[in-house]
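So the sequence shown is numbered by UniProt numbering: it starts at 1 and just counts up by one. Notes for the one structure printed next.
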Amino acid sequence: MTLTATPAPPVPASRRHGRRAGRPAPRLLSHAVVNGVLIIAVLYTVMPVLWLLMAATKNMRDLFGTGGFVFGRTFALGDNLAHLFTAQDGIYLRWLGNTALYAVGGALIATTLCVAAGYAFDKLSFPFKEKIFGLILLGVLVPASATALPIYLLASKVGIVNTFWGVFLPSLVFPFGVYLARVFSAAYVPAEVIEATRVDGAGDLRTFLSVGFPMLRTAFVTIFLFQFTGIWNSFFLPLVMLTDQHLYPLNLGLYTWQTTSLNQGHPEDYLLAITGSLVAVVPLVIVFVTLQRYWKAGMTAGAVK
């Protein structure tokens with residue numbers, strides 16, 4: 001007996017074309033949603049800076065008499081900058097120097113410590129390593145504002161309240177940087193290379209300085225940018241730690257100008273705070289633009305074998 005296969009009934013053309021025609025719609029919808037979210041994010045980021053730029057070009061009359069996103073009738077940016085750098089015997093330049101010292105010095109030292117600690121947690125073996133690393137991760141979960149008061153109490157015991165060291169020393173601790181450095185060490189420093197250097201007789205310190213640290217340049221730049229930005233934008237710790245205006249960072253100094261403009265009847269200080277905020281953004285932009293090429297180069301260094 002011969003068995004013959006019964007052919008399956010053909011799928012109607014309308015159903016076939018209906019499925020194919022229906023596929024691009026969700027894709028186009030997803031692209032529209034993603035582009036819409038990106039546009040909102042760009043506007044959220046750019047509009048405050050744009051308002052700040054336009055407000056810094058106005059005098060006091062135009063600041064309160066014109067729209068927020070238009071330039072002043074009289075372009076007063078030069079006059080505002082001159083007034084900013086000469087007000088109160090040039091106190092703004094002192095605040096700018098303090099912030100640069102806090103941020104650059106603190107970020108460099110903190111990043112070096114984080115990279116060394118992350119490398120040690122990844123490549124070395126020592127007692128209670130994972131438990132100590134767990135405590136560091138707990139430090140990541142605690143917000144900086146919650147530690148400001150305990151740090152102040154400790155600083156008062158040591159006697160460094162209202163001093164440079166009271167703000168500088170806490171900036172050297174960066175638990176999240178240690179976590180990032182360990183992740184980067186596991187990804188960028190092969191264990192085989194470390195073993196080869198040990199076979200050649202190099203110690204742990206020599207191996208880290210000669211082999212590990214050069215391979216972690218990407219980690220160094222990334223952690224430095226995080227910590228530099230965090231210290232530059234720090235506000236609450238200097239607020240509770242400092243009373244001497246000559247030690248203020250930019251954020252705290254601008255806050256005092258804004259407070260005096262509202263509470264003590266000095267409206268010209270409000271314009272100083274606006275112009276000073278615009279100038280304070282410039283160093284951050286310069287640092288990111290300068291270091292991003294090293295960041296990108298390190299991120300793609302191992303992409304091609």
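The beta-carbon is built from N, C-alpha and C at its ideal position, and this holds for glycine as well.
{"Asked": "For A280, the three-state DSSP class (helix, strand or coil)", "Found": "helix"}
{"Asked": "D89 (DSSP reduced to helix, strand or coil)", "Found": "helix"}
{"Asked": "Same chain, Cβ closer than 8 Å to T66, neighbours up to 5 away in sequence not counted", "Found": "K58, G72, R73"}
{"Asked": "Secondary structure, alpha helix (DSSP H): runs of 4+ residues fully inside the region 61-87", "Found": "77-86"}
{"Asked": "Collapsed DSSP secondary structure at G239 in the structure displayed", "Found": "Here the sequence assigns Leu to residue 239, which means Gly is not the residue at that position. DSSP places L239 in helix when its eight states are reduced to three."}
{"Asked": "Spatial distance of S277 from L124 (CA atoms)", "Found": "45 Å"}
{"Asked": "Span separating the alpha-carbon of E192 from that of L141", "Found": "34 Å"}
{"Asked": "Per-residue burial, residue 306 [other beta carbons within 10 Å of its own, 16 or more giving buried]", "Found": "Residue 306 lies beyond the range of the chain shown here (1 to 305); nothing can be said about it."}
{"Asked": "L137 - containing alpha helix (DSSP H), residue span", "Found": "129-141"}
{"Asked": "The region 194-206 contacting the region 273-289, beta-carbon criterion three pairs below 8 Å", "Found": "no"}
{"Asked": "C-alpha gap between L272 and T290, whole angstroms", "Found": "28 Å"}
{"Asked": "Distance, W232 Cα to A110 Cα", "Found": "14 Å"}
{"Asked": "Cβ shell of L50 (< 8 Å), same chain only, five flanking positions each side left out", "Found": "F69"}
{"Asked": "Spatial distance of A187 from T112 (CA atoms)", "Found": "18 Å"}
{"Asked": "Distance between beta carbons of F176 and Y102, contact taken as under 8 Å", "Found": "Wrong, their Cβ atoms sit about 18 Å apart, outside the cutoff."}
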